[in-house]
Amino acid sequence: MTRPVIAAMRARLDAGNASHEALVTQALEGAQLPAAEHVFTRLYTDAALAAARHADAARKAGVQLAPLAGLPVSVKDLYDVAGETTLAGSIVRRSAAPASQDSVAVQRLRAQGAAIVGKTNMTEFAFSGVGINPHYGTPRNPADPEIARIPGGSSSGAAVSVALGLSVVGLGSDTGGSIRIPAALCGIVGFKSTQARTPRTGAFPLSQTLDTVCAMARSVEDCLVADAALADAPLAVRRRPLQGLRLAVPSTLMFDGIDRPTARAFQRAVSKLSAAGAQVVDITLAELAEVAKINAPGGFSPVEAAAVHRATIAEHRADYDSRVAARIDLGMTVSAADYITMQQRRADWIARMEGALQGFDALLCPTVPIAAPAIAALATDEAFFQANGMLLRNTFAINFLDGCSFSLPCHDAGELPAGLMLSSVRGDDARLAAVALAVEAALG
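Letter by letter, the sequence shown follows residues 4 to 447 in the working numbering.
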């Protein structure tokens, strides 16, 4: 069951039952425990404690604090922080010049008074949904104490930092599912906003067409607090009852190859929603079958990543994760004419999808069709790329739509996490957030 963490912490603080400094100290200490191995690439101990103490002093002085003031927040290692080199999960960039200023996302978190506890690990250059990093290690999914499972990617450390309670918000990014995949596999909530809602300035790029600045947390409400900070404006969410909401379940693509535990969790969730009064409507949505064909040759991420990395990878290929390099290679030979055709076909597809989804409050499907595989099971390239394709398939369709999307936990206690994905068209973030709040309450 998801529960808002930020409001609960604020209540404890206002009642005098906790201090910001104590909360941040606890997070920093937890970040150094074995369970958090490989989660952070850098800790900001002094700065985080300074932010916490400032919030404590302001609260005692009667100052009305921003929601994130003095609370522990983590930042994915593709966002610029002034004075340090942005590694983006790589060793290639160790010699790159340090950032001259904070990224816009980090600036806005600091403006809220957030205690940024550290930079989180990620897939190299954000280029996979698995979360494995050969340079800095792979954070272990905390959902399984016995088997070391993938956390999902590319915002791997961000998700684990939230799942372990080391941050109330994990700033990540979502190009093909990099927020929602690890949120689903780690049992937390992820929100992919419409791309234009949040500025990307100071975030190391993967795909300028698809990259989205967004975050994950423990509840929909907490994700909305994070979104308000990152967008510098809260969504105007009008809460709605679940009864009467029309939720479309597509038969095309999204359930292909689904494993039994995920299918059971999804069907159980649909039954709860139906019993609570939601109208769950099965639709074909055949347009989903076109995504792979339109996103070829190469695909937006490989083509646009190739433009970013062309010179560097030519000189330093041995320093790249070989699996990331292989995906960048896919974009190296795509012509300008083919790239323009991809853009035109995508625009046409988006228009047809928006028409097909009219009259529905959200598109409903599994976030990912499989539970988190064991890290050891993905040792071969064949196994890795097969899992990567499955993990990205459902979420990527919403990035291709330039839509907005939530992943909510829908598993029972004792089960591996599974995610329920609610999605809508671009610009529909506020209405979708109301739907997500209603669905979250029903699932709880």
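Think of the CB as a built atom: it goes at the ideal place given N, C-alpha and C, for glycine as much as any other residue. As the structure is a computational prediction, the values presented were derived from the model and not from experiment.
Per DSSP, cross-strand counterpart(s) of residue i
{"i": "Tyr82", "result": "Ala206"}
{"i": "Pro75", "result": "Ala118"}
{"i": "Thr123", "result": "Phe43 and Lys79"}
{"i": "Cys217", "result": "Gly175"}
{"i": "Ser451", "result": "As shown, the chain starts at 4 and ends at 447. That puts residue 451 outside it, with no answer to give."}
{"i": "Ala377", "result": "Arg152"}
{"i": "Cys368", "result": "Met424"}
Backbone CA spacing between residue i and residue j [nearest angstrom]
{"i": "Glu32", "j": "Ala117", "result": "18 Å"}
{"i": "Ile184", "j": "Val371", "result": "7 Å"}
{"i": "Lys195", "j": "Gly280", "result": "26 Å"}
{"i": "Pro101", "j": "Asp83", "result": "8 Å"}
{"i": "Thr383", "j": "Ala390", "result": "11 Å"}
{"i": "Glu418", "j": "Pro154", "result": "15 Å"}
{"i": "His312", "j": "Pro305", "result": "10 Å"}
{"i": "Val163", "j": "Ala218", "result": "13 Å"}
{"i": "Leu446", "j": "Thr215", "result": "27 Å"}
{"i": "Val172", "j": "Ala69", "result": "14 Å"}
{"i": "Ile316", "j": "Ile191", "result": "35 Å"}
{"i": "Ser159", "j": "Ala187", "result": "11 Å"}
{"i": "Ala30", "j": "Val252", "result": "39 Å"}
Residue range of the unbroken alpha helix (DSSP H) whose run includes residue i
{"i": "Arg143", "result": "Careful: Arg143 lies outside any alpha helix (DSSP H) and carries neither H nor E."}
{"i": "Gly392", "result": "Asp384 to Phe403"}
{"i": "Gly358", "result": "Ala339 to Ala359"}
{"i": "Ile182", "result": "Run containing Ile182: none; DSSP gives neither H nor E here."}
{"i": "Ala51", "result": "Thr48 to Lys63"}
{"i": "Pro264", "result": "Arg263 to Ala278"}
{"i": "Val306", "result": "Phe303 to His319"}
{"i": "Cys226", "result": "Val223 to Ala234"}
{"i": "Gln29", "result": "His23 to Gly33"}
Limits of the beta strand (DSSP E) - the one that residue i falls within
{"i": "Asp285", "result": "Gln282 to Ile286"}
{"i": "Arg249", "result": "Arg249 to Pro253"}
{"i": "Val192", "result": "Val192 to Lys195"}
Status (buried if at least 16 other CB within 10 Å, exposed otherwise) for residue i
{"i": "Leu36", "result": "exposed"}
{"i": "Gln361", "result": "exposed"}
{"i": "Ser325", "result": "exposed"}
{"i": "Pro148", "result": "exposed"}
{"i": "Lys296", "result": "exposed"}
{"i": "Ser274", "result": "exposed"}
{"i": "Gly92", "result": "buried"}
{"i": "Glu87", "result": "exposed"}
{"i": "Asn1", "result": "With the chain running from 4 to 447 in the structure shown, residue 1 is simply not present."}
Proximity test, Cβ basis, 9 Å: residue i and chain C
{"i": "Lys122", "result": "Annotation note: the requested chain C is absent from the structure, which comprises a single protein chain."}
Touching or not, the stretch 170–186 and the stretch 390–403, by the rule of three or more beta carbon pairs under 8 Å? The stretch 170–186 is in contact with the stretch 390–403.
Taking 8 Å as the cut-off, does the stretch 328–335 touch the stretch 220–236 (at least 3 CB pairs, one atom from each stretch)? no
The stretch 60–76 in contact with the stretch 281–292 per 3-pair CB rule at 8 Å: no
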